[in-house]
Amino acid sequence: MSDYVTPNGSQPIGQPAEEHMERIISALQADQRPPVPQDLAPEDAEAAQMAAMLRGTLSGHAAPRPTFARNLRDQLERELFAPETPAVSAPAPLPAPQPPRRAGTSRRNLIRTGLAAAAGLAAGVAGGVLVEEKGNGDTGESIALVGANGVWLTVANVAQIPLGSALRFTTPQLVGHVVHYQDGTFAAFSAACTHMGCIVAWNSTEHAFDCPCHNGRFDDHGRSSGQFLYKPLPPIQVRVVGEDVQVFVPPTGTPAAPTPSATPDSNGGYGHDKRGDEAK
Amino acid sequence: MSDEQRTPPTPDRDTFRAFYEAHIGAVYRFIYSRVGNREEAEDLTAQVFVKALRGMDWSRDEAALVAWLFQVARTTLADHWRAQGRIRTLSLDDLLAEGWDGPTASDPPALESLTPIAHVEAILQQLPPNYREVLRCRFLLNYSIKETAQHLNLTEANVKVLQLRALRRAAELHAGAPTQPGAEQHHV
Numbered sequence: 003m004s005d006y007v008t009p010n011g012s013q014p015i016g017q018p019a020e021e022h023m024e025r026i027i028s029a030l031q032a033d034q035r036p037p038v039p040q041d042l043a044p045e046d047a048e049a050a051q052m053a054a055m056l057r058g059t060l061s062g063h064a065a066p067r068p069t070f071a072r073n074l075r076d077q078l079e080r081e082l083f084a085p086e087t088p089a090v091s092a093p094a095p096l097p098a099p100q101p102p103r104r105a106g107t108s109r110r111n112l113i114r115t116g117l118a119a120a121a122g123l124a125a126g127v128a129g130g131v132l133v134e135e136k137g138n139g140d141t142g143e144s145i146a147l148v149g150a151n152g153v154w155l156t157v158a159n160v161a162q163i164p165l166g167s168a169l170r171f172t173t174p175q176l177v178g179h180v181v182h183y184q185d186g187t188f189a190a191f192s193a194a195c196t197h198m199g200c201i202v203a204w205n206s207t208e209h210a211f212d213c214p215c216h217n218g219r220f221d222d223h224g225r226s227s228g229q230f231l232y233k234p235l236p237p238i239q240v241r242v243v244g245e246d247v248q249v250f251v252p253p254t255g256t257p258a259a260p261t262p263s264a265t266p267d268s269n270g271g272y273g274h275d276k277r278g279d280e281a282k
Numbered sequence: 009m010s011d012e013q014r015t016p017p018t019p020d021r022d023t024f025r026a027f028y029e030a031h032i033g034a035v036y037r038f039i040y041s042r043v044g045n046r047e048e049a050e051d052l053t054a055q056v057f058v059k060a061l062r063g064m065d066w067s068r069d070e071a072a073l074v075a076w077l078f079q080v081a082r083t084t085l086a087d088h089w090r091a092q093g094r095i096r097t098l099s100l101d102d103l104l105a106e107g108w109d110g111p112t113a114s115d116p117p118a119l120e121s122l123t124p125i126a127h128v129e130a131i132l133q134q135l136p137p138n139y140r141e142v143l144r145c146r147f148l149l150n151y152s153i154k155e156t157a158q159h160l161n162l163t164e165a166n167v168k169v170l171q172l173r174a175l176r177r178a179a180e181l182h183a184g185a186p187t188q189p190g191a192e193q194h195h196v
């Protein structure tokens with residue numbers, strides 16, 4: 003037994019490191035994202051990276067799942083080949099009926115200004131919305147959702163949004179949240195996660211938006227605050243007129259009354275996999 | 009990068025689809041071989057394509073597009089490790105980088121040749137037998153901690169100690185492995 007456990011003398015090995023590593027290995031064996039302890043020593047971080055590589059090379063589990071490959075392809079194609087003019091369609095989250103596709107200059111602008119942001123929009127926006135050429139990927143600046151020709155829509159009553167909380171709203175073009183800060187001011191953000199476009203949900207305990215798909219988290223100012231850094235949630239202009247909370251959204255040919263809703267029903271299932279599904 | 013003047017041409021659907029279908033598997037395998045689990049591999053693979061398409065110049069030949077794709081994959085992985093506080097770059101990354109930075113021929117490099125299996129095997133061979141065996145149990149045979157303990161006739165606590173030391177040692181070998189900066193690259 004002591005043959006196996008040779009003290010190497012360099013440093014004492016604490017119990018936590020061993021337990022951390024075991025949890026990491028177990029997760030890898032289950033094909034799951036390993037936990038990342040914040041206090042992992044550098045040499046153990048490298049040991050964990052080694053574990054990932056051993057698992058990755060020796061397990062033979064290297065082919066993408068067909069559903070994953072197909073979903074990703076479909077998502078990318080939607081972004082690349084979306085119609086040039088903003089399409090107005092039902093407020094139904096997804097999947098929206100797709101008008102004939104053709105590529106055009108505005109589409110190129112969209113790609114240039116940030117396909118990642120477009121990915122974020124995909125789930126929240128039925129059809130397509132022109133992204134104002136403003137955002138700049140390398141500053142992490144978010145991208146304005148609406149051009150000059152948007153319209154103000156009332157989405158809530160001030161009293162509906164207690165201080166320190168957020169309310170989800172749905173307009174024909176997008177899903178968003180209005181946040182009511184402790185100082186009484188308001189802000190609004192698109193609810194489409196800037197990672198893959200899943201709809202984030204308000205976490206009232208953490209005062210943050212959580213993405214159900216890949217553990218993304220954004221603080222109440224829309225800034226990425228989770229384990230993974232994503233672009234900020236695109237802000238939406240908001241104002242208070244009397245008791246009405248209004249947001250500035252793209253114009254629509256058929257202005258349907260926006261319906262504030264708290265139902266988590268529109269997590270479109272775009273481009274992300276439902277991991278649970280396939281675990282038999 | 010942020011060349012405001014040039015507008016990259018948009019590919020037609022068939023071009024995009026052919027490119028995607030040709031390379032999704034290789035990108036995924038590349039990522040998987042480094043992160044070792046499906047959840048992160050899917051997450052990062054999606055990021056790679058989204059990011060790569062943003063800067064893709066479709067007027068370039070396929071070798072250049074593939075080089076770009078894998079450059080994005082490599083930086084995405086680097087960002088991934090950095091976000092987890094694992095900052096030291098590993099020499100295998102550098103080795104792989106060399107392969108992708110300069111695809112000179114018009115045909116894309118053979119992706120399979122970059123699979124670091126040979127590298128991993130070499131590291132395993134340099135380990136003391138007990139270290140090698142515990143890693144084989146956990147990563148090749150996929151034994152649980154309990155099965156590993158039975159197989160090696162150790163307690164589970166001992167296995168935890170042993171596997172941690174084995175991984176630390178393997179990481180050291182990995183970090184100090186074949187290609188040092190400045191040395192001639194000799195691809196295996």
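Here the protein sequences come in this chain order: A and B. Basically the working numbering = 1-based index in the first sequence + 2. Basically the working numbering = 1-based index in the second sequence + 8. For every residue, glycine included, the Cβ atom is placed at its ideal position computed from N, Cα and C. If you're wondering where the values come from, they're calculated on a predicted model, not measured in any experiment.
Check: Please report the distance separating the alpha-carbon of B/Thr23 from that of A/Leu78.; Outcome: 13 angstroms
Check: Which class does A/Ala189 belong to by DSSP, given the choice of helix, strand or coil?; Outcome: strand
Check: Report buried or exposed for B/Ala178, applying the criterion of at least 16 other Cβ atoms within 10 angstroms of its Cβ.; Outcome: buried
Check: Where in the stretch 26-95 of chain B do unbroken runs of the alpha helix (DSSP H), each at least 4 residues long, occur, reported from the N-terminal end onward?; Outcome: 46-62, 70-91
Check: Mind reading off the beta-carbon distance from A/Ala189 to A/Val249? Whole number of angstroms is fine, and I expect it under 8 angstroms.; Outcome: So it is not a contact: roughly 10 angstroms between Cβ atoms.
Check: Roughly how far, in whole angstroms, is the beta-carbon of B/Gln171 from the beta-carbon of A/Met23, given that I think they are within contact range, below 8 angstroms?; Outcome: 7 angstroms
Check: Establish whether the CB of B/Ala72 and some CB of chain A are separated by less than 8 angstroms.; Outcome: no
Check: Which chain A residues are close to B/Ala33, counting only those with a beta carbon under 7 angstroms from its beta carbon?; Outcome: One point to set straight first is that residue 33 of chain B is Gly, not Ala, in the sequence displayed. By Cβ distance, chain A contributes Ala65, Pro66.
Check: Can we say the stretch 28-41 of chain B touches the stretch 61-70 of chain A, given the rule of at least three CB pairs closer than 8 angstroms?; Outcome: yes
Check: By DSSP's criteria, A/Asp222 is part of a beta bridge. Which residues make up the other side?; Outcome: In the DSSP output, where bridge partners are listed per residue, A/Asp222 has none listed.
Check: If we count the other Cβ atoms within 10 Å of its Cβ and call it buried at 16 or more, is B/Asn161 buried or exposed?; Outcome: exposed
Check: Where does A/Ala71 fall in DSSP's three states?; Outcome: helix
Check: Going by Cα to Cα distance, which pick from B/Glu129, B/Ala183, B/Ala60 is closest to B/Ile32?; Outcome: B/Ala60
Check: Could you pull the DSSP bridge partners for A/Val177 from this structure?; Outcome: A/Thr172
Check: From the DSSP output, read off the bridge partner residues of A/Phe83.; Outcome: None, per the DSSP bridge assignment.
Check: Using a beta-carbon distance cut-off of less than 8 angstroms, what residues from the stretch 158-179 of chain A approach chain B?; Outcome: none
Check: May I ask you to list, following chain order, the residues of the stretch 38-61 of chain A that have a beta carbon less than 9 angstroms from some beta carbon of chain B?; Outcome: Val38, Gln40, Leu42, Pro44, Glu45, Asp46, Ala47, Glu48, Ala49, Ala50, Gln51, Met52, Ala53, Ala54, Met55, Leu56, Arg57, Gly58, Thr59, Leu60, Ser61
Check: For A/Gln184, report the span of its beta strand (DSSP E) as first-last.; Outcome: Per DSSP, A/Gln184 belongs to no beta strand (DSSP E) and is neither H nor E.
Check: Looking only at DSSP bridge pairs, what is A/Thr156 linked to?; Outcome: A/Gln248
Check: Answer yes or no: does any C-beta atom of chain A fall closer than 8 angstroms to that of B/Ser41?; Outcome: yes
Check: Within the 8 angstroms Cβ cut-off, does A/Leu235 reach chain B?; Outcome: no
Check: With a threshold of 7 angstroms, establish whether the CB of A/Ala50 neighbours any heavy atom of the ligand NAP.; Outcome: With respect to the ligand NAP, the structure offers nothing, as it holds no ligand at all.
Check: Looking at C-alpha atoms only, which residue of A/Thr187, A/His209, A/Leu56, A/Pro237 is the closest neighbour of A/Ala2?; Outcome: Residue 2 of chain A falls outside the range modelled here, since chain A spans only 3 to 282, and no answer is possible.
Check: Counting along the chain, where does the alpha helix (DSSP H) carrying A/Val38 start and finish?; Outcome: A/Val38 -> no alpha helix (DSSP H), and no H or E assigned at all.
Check: When you compare the CB positions of A/Pro36 and A/Ile26, do they come within less than 8 angstroms of one another, or not?; Outcome: yes
Check: A/Glu20 and B/Lys154 look like a contact to me (Cβ under 8 angstroms); what is the Cβ gap, rounded to whole Å?; Outcome: Going by Cβ atoms, the distance from A/Glu20 to B/Lys154 rounds to 15 angstroms, so no, they are not a contact pair.
Check: To the nearest whole angstrom, what separates the beta carbons of A/Gly199 and A/Gln184, a pair I think is in contact under 8 angstroms?; Outcome: Incorrect: roughly 30 angstroms between the Cβ atoms, too far for contact.
Check: What ranges does the alpha helix (DSSP H) occupy inside the stretch 153-177 of chain B, keeping only unbroken runs of at least 4 residues that lie completely in it?; Outcome: 153-160
Check: Inspect the beta-carbon positions of B/Val80 and B/Val56 and report whether they are closer than 8 angstroms.; Outcome: yes
Check: So B/Glu164 packs on B/Ala174, CB below 8 angstroms; how close in whole Å?; Outcome: In fact, because the Cβ distance is near 15 angstroms, the residues do not count as touching under 8 angstroms.
Check: What residues of chain A sit near B/Gly184, judged by a beta carbon separation below 7 angstroms?; Outcome: Near B/Gly184 there are no residues of chain A at all, since even the closest Cβ is about 11 angstroms away, more than 7 angstroms.
Check: Would you say A/Asn205 and A/Phe211 are within 8 angstroms of each other, going by their C-beta atoms?; Outcome: yes
Check: Can you pull the chain B residues whose beta carbon is under 7 angstroms from the beta carbon of A/Ala19, in chain order?; Outcome: Leu172
Check: Is the Cβ of B/Ala91 closer than 8 angstroms to any Cβ of chain A?; Outcome: yes
Check: For A/Gly152, collect the residues of the same chain with a Cβ closer than 7 angstroms to its Cβ; drop the 5 residues on either side in sequence, then sort them by chain order.; Outcome: Phe250, Val251, Pro252, Pro253
Check: Thinking just about the alpha-carbon of each residue, which of A/Trp154, A/Pro164, A/Ile163, A/Ala161 is nearest to the one in A/Gln175?; Outcome: A/Trp154
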